[in-house]
DNA sequence: GCCAACGTTGGC
DNA sequence: GCCAACGTTGGC
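Residue numbers (the working numbering): 1451 to 1603.
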């Protein structure tokens, strides 16, 4: 079982939205490196839900991969902002996963807290200009995050 | 195949 | 709102 981190702008889709929907296809990723990570994900893997581009950014909750290797339907929809005219149903270019809500953390872990806890080597997300929206986490980092997110003050 | 222009991400 | 980082596009 592997741990991941997946980013979303809460204005577009937040942990509360996922809590309401229970399950959702994680569509709209249009970066090859992020897609390659999505292809590596297996059902049962856990991922941290990171809120980006908000005040403050941070880790808001946990989700589980409920279905692996899902073809992103938005690539075929000319009305979608994620439409890709170079993709075809015979040879789809963009795969993703379906995720299910696990929990919203009692403790939101803000970006400044993340910086105080981890180095840029442990958590590349902290690097300036780092833009990948899907990334793997080491077991070590994941377990520290879980302990902190659930710890009672 | 190079690289300038352009667009997007996302912290601040 | 600014702007650094960086991926993509397209002319040559």
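Quick reminder that beta carbons are idealized off the backbone N, C-alpha and C, glycines included.
Exercise. Within the chosen definition, does the segment 1586-1602 reach the segment 1550-1565 through at least 3 CB pairs nearer than 8 Å?
Worked result: yes
Exercise. Where does residue 1493 sit, in a helix, a strand or coil, going by DSSP?
Worked result: Sequence index remark: in the first chain, residue 1493 carries index 43 (1-based). Note: residue 1493 maps to coil in three-state DSSP.
Exercise. Where residue 1454 and residue 1542 are concerned, what is the direct C-alpha to C-alpha distance, given to the nearest angstrom?
Worked result: Residue mapping note: residue 1454 aligns to position 4 of the first chain, counting from 1. Residue mapping note: residue 1542 aligns to position 92 of the first chain, counting from 1. Answer to the nearest angstrom: the Cα atoms are 24 Å apart.
Exercise. Which partner residues does residue 1474 have in the DSSP bridge list?
Worked result: Counting from one through the first chain, the residue named residue 1474 turns up at place 24. Per DSSP, 1549.
Problem set entry | Secondary structure of residue 1582, DSSP reduced to three states | Here residue 1582 refers to the residue found at position 132 of the first chain. Three-state DSSP puts residue 1582 in coil, outside helix and strand.
Problem set entry | Opening and closing residue of the beta strand (DSSP E) in which residue 1455 lies | One-based indexing of the first chain puts residue 1455 at position 5. 1453-1458 is the extent of the beta strand (DSSP E) around residue 1455.
Exercise. Is residue 1485 helix, strand or coil when you go by DSSP?
Worked result: Taking the first residue of the first chain as position 1, residue 1485 is located at position 35. Helix.
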